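What follows is a set of notes on a single structure, which appears directly below.
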Amino acid sequence: MVDTQNRADRQGLSVRGLTVSIHGKPIIRGIDLDLVPGKITGLAGESGSGKSMTGLAMLGLLPDGSKTGGEILFDGRNLLECDEREYGKLRGARIAMVFQDPTASLHPMLTIGRQLTDHLRVHTGMSKRDAMAKALETLERVKVPDPATALKKYPHQFSGGQLQRVAIAVAIICEPEILIADEPTTALDVTVQAGVLRLLQQLCDELGIAVVLITHDLGVMSSLAERISVMRGGEIVEEGPRYEVLRRPQHTYTRSLVEALPNHEPFLEGAVESAESRPEVGS
Amino acid sequence: MNAPLLSIDNVSVRYKLPGGGSLTAVNEVSLDVADSSVVGLVGESGCGKSTLARAVCGLEATSGGSIKFKGHEVRKLGMRRRPEELMRIQMVFQNPYASLNPRRTVGSQIADGLRANPQQTSWSVAGLLEEVELPSDVQQRFPHQFSGGQRQRIAIARAIASGPELLIGDEPIASLDASLQARVATLMRRLALEAGASLLFISHDLAVVRIIADEVAVMNKGVIVEHGTSQQVWEQPQEAYTKRLLAAIPAVDGLGTLPGEAAS
């Protein structure tokens, strides 16, 4: 396969001093972020903090009238300087995205099989038959039940959780190096969410993708992200390993986010803070 | 002994499926809501909790059993005006984008609620906005000028304005930021109780429900599988299904613990 040989020199993606303003209004005010292959990096914050815009900036999908500054470094170049043609080759192929609402991100009138193979065939030039075989394999990987039948179905025939698995399959089928997951489980029930979180962790481990997880839910963050950046008003106010950020938040804003959760008590500060019980924070 | 404020007795709701057959969404459920109490109804999507709530406010026809609000039978709403005695049931829906009218100011929409209140002097629009922690000078604004959390507060203010005796929240916090969910839920509890109403709070998130509810009913596949005080259900769940729901709540332990699908 293509990826075995270039997986070794995968470098992830680095954001340096990124600024975004839309119609002159600053949305992101100079942030740094590093995505590491095989690791999940968290970007936390409330709605309006600019975290989703950061994800869209990586894909070159910012709305009209936006101005960018700083750098998004990927594969030896600054993505912010790429033109549409170059971006067209990256988007969906090497940098992919999973959105919050799969009913909105999938096309309602195309079969799952078609949606899985269209961009795959454009990017790789694969034959229809090979692409379908790959689609089947990818649906198996994301554990959609009865993948052969699923290929012929339409989005409305799936439950929300199954549909998000399909959306993840669409994102990973081209074997991207970077996966941007923007609130991937927010629309799901806790039990379904648990399954999707496990899937994301597993994909990250098995495929060595560099994942950025964007969410306002620090519980989800704690489950997946090894390092967490907390964003507010377009700035990163705190960054560090998850244990430090969630259990000994330095910034009052981070603390208020943790305290706002209904089940934070046993973990924040005090009780469990002995040196032995701390896990080693490997990098 | 007084009859409870709301009494759901052996209620079933059946949906007809396209191409014949039917789906029993709610299967012989019994549940009471007492005066000035907060009852949480918890379960996964598709378990029938929303259907039950819709039946309670007359939006869904029942196929068996009876729902009584202050002794009056609740029937499905038709084209006629809702009977006077059932007007004291109010609902807050999941999506405030859809439940507020985009073309009218929030002040006038809250005033709608006030007009339905038998004691019209008990609240004012400004006072209600203050209660839901919004500045009172926003009355002239339209729903799109507010964030999701603010919109849900406006929907809550409107529901309270009409002087309900039973407030139903159907996943009212599911579309809000995690940091806001507990706050809005607590606000609903406080306002409902202050206004002398009971609250039936529906959610899939037991973590939030247990902090605001006095008692919790857990629903699975149209049936209530467990029912007890919040503390009891949270700390000593009896049913495997409840345990599974609890295990699925991600912990903010900072250790990378994946929430379990089964409590193993």
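Residue numbers (our numbering), protein chains in the order written: chain S, 14 to 296; chain A, 712 to 975. Virtual Cβ for every residue (Gly too), placed ideally from N, Cα, C. The model shown is predicted, which means the values in this text are computed figures rather than measured ones.
For the putative contact between residue i and residue j, defined by C-beta atoms under 8 Å, what is the C-beta separation to the nearest angstrom?
i	j	result
A/Val843	A/Ala868	5 Å
S/Glu84	S/Gly30	7 Å
A/Ser941	A/Asp925	7 Å
A/Glu876	A/Gln805	Incorrect: roughly 22 Å between the Cβ atoms, too far for contact.
S/Leu226	S/Val271	That belief does not hold up - the Cβ atoms of S/Leu226 and S/Val271 are roughly 17 Å apart, past 8 Å.
S/Val33	S/Thr81	5 Å
S/Met244	S/Gly63	6 Å
A/Ser873	A/Gly824	4 Å
S/Gly247	S/Arg42	4 Å
S/Pro173	A/Ser774	The sequence given here places Gly at residue 173 of chain S; Pro does not occur at that position. With 8 Å as the limit, S/Gly173 and A/Ser774 do not qualify as a contact, their Cβ atoms being about 26 Å apart.
A/Ala889	S/Leu274	6 Å
Rounded to whole angstroms, what's the CA-CA distance from residue i to residue j? Just pull it up for me.
i	j	result
A/Val785	A/Asn713	19 Å
S/Arg90	S/Ala180	28 Å
S/Gln344	S/Gly208	What is shown of chain S runs 14 to 296, which leaves residue 344 of chain S out entirely.
A/His783	A/Met798	11 Å
S/Asp16	S/Arg260	In this prediction, S/Asp16 has a pLDDT of 46, which is less than 50 and means its spatial position is unreliable; nothing more can be read from the coordinates.
S/Ile249	A/Leu742	48 Å
A/Ile778	A/Val836	32 Å
A/Leu976	S/Thr198	This structure gives no information on residue 976 of chain A, because the portion of chain A shown stretches from 712 to 975.
A/Leu910	A/Leu716	11 Å
A/Ser718	A/Phe780	6 Å
A/Arg826	A/His855	24 Å
S/Gly52	S/Thr204	The question names Gly, but residue 52 of chain S in the sequence shown is Lys. Their backbone Cα atoms lie some 24 Å apart in a straight line.
A/Val750	S/Leu46	44 Å
S/Leu164	A/Leu878	44 Å
S/Ala234	S/Arg240	Reading off the sequence, residue 234 of chain S comes out as Met, not Ala. If I take the Cα positions, the gap works out to 9 Å.
S/Ala200	S/Asp114	7 Å
S/Glu188	S/His136	11 Å
S/Glu251	S/Ser242	6 Å
A/Ala809	A/Gln851	19 Å
A/Phe857	A/Arg955	36 Å
A/Ala772	S/Lys38	51 Å
A/Cys758	A/Val737	8 Å
A/Ser886	A/Gly859	8 Å
S/Val157	S/Ala182	9 Å
S/Ala238	A/Gln831	52 Å
A/Pro807	A/Gly907	24 Å
S/Ser140	S/Val224	29 Å
Let me know the secondary structure DSSP gives residue i once reduced to three states.
i	result
S/Leu75	coil
S/Lys166	coil
A/Met790	coil
S/Asp159	coil
A/Arg814	coil
S/Gly82	strand
A/Pro854	helix
A/His783	strand
A/Met930	strand
S/Asp195	strand
A/Ile871	helix
S/Ile222	coil
S/Val135	helix
S/Ile181	helix
S/Glu251	strand
S/Thr17	Below a pLDDT of 50, predicted positions are generally treated as unreliable, and S/Thr17, at 44, falls in that range; the measurement from the model is reported next regardless. If DSSP states are grouped into helix, strand and coil, S/Thr17 belongs with the helices.
A/Ile922	helix
A/Gln801	strand
A/Glu795	helix
Leaving out the 5 sequence neighbours to the left and right, which residues in its chain are closer than 7 Å to residue i when beta-carbon positions are compared?
i	result
A/Thr735	Ser723, Arg725 and Gly933
S/His169	Pro121
S/Ala148	Gly126, Leu129, Thr130, Leu164 and Ile186
A/Gln820	Leu811, Asn812 and Arg869
S/Gln177	Pro115, Pro197, Leu201 and Val209
So, at 8 Å on beta carbons, what are the nonlocal neighbours of residue i in its own chain, with the 5 sequence-adjacent residues on each side left out?
i	result
S/Ile185	Ala109, Thr151, Arg154, Val155, Leu192, Leu216, Leu220 and Ile222
A/Arg864	Val843, Glu844, Leu845, Val895 and Leu898
S/Ser60	His229
A/Asn828	Trp834, Ala872, Ser873 and Gly874
Assign residue i to one of two classes, buried (16 or more other C-beta atoms within 10 Å of its C-beta) or exposed (fewer than that).
i	result
A/Gly754	buried
S/Ala288	Legend: pLDDT at S/Ala288 = 35, less than 50; position of this residue unreliable, value from coordinates given subsequently. It is exposed - the Cβ of S/Ala288 has fewer than 16 other Cβ atoms within 10 Å.
S/Ala161	exposed
A/Asn931	buried
A/Leu770	exposed
S/Ala70	buried
A/Gly730	exposed
A/Asn721	exposed
S/Thr267	buried
A/Ser733	exposed
Taking 6 Å as the limit between beta carbons, can you name the residues of its chain near residue i, skipping five residues before and five after?
i	result
A/Glu950	Val936 and Glu937
S/Leu93	Thr81 and Ile85
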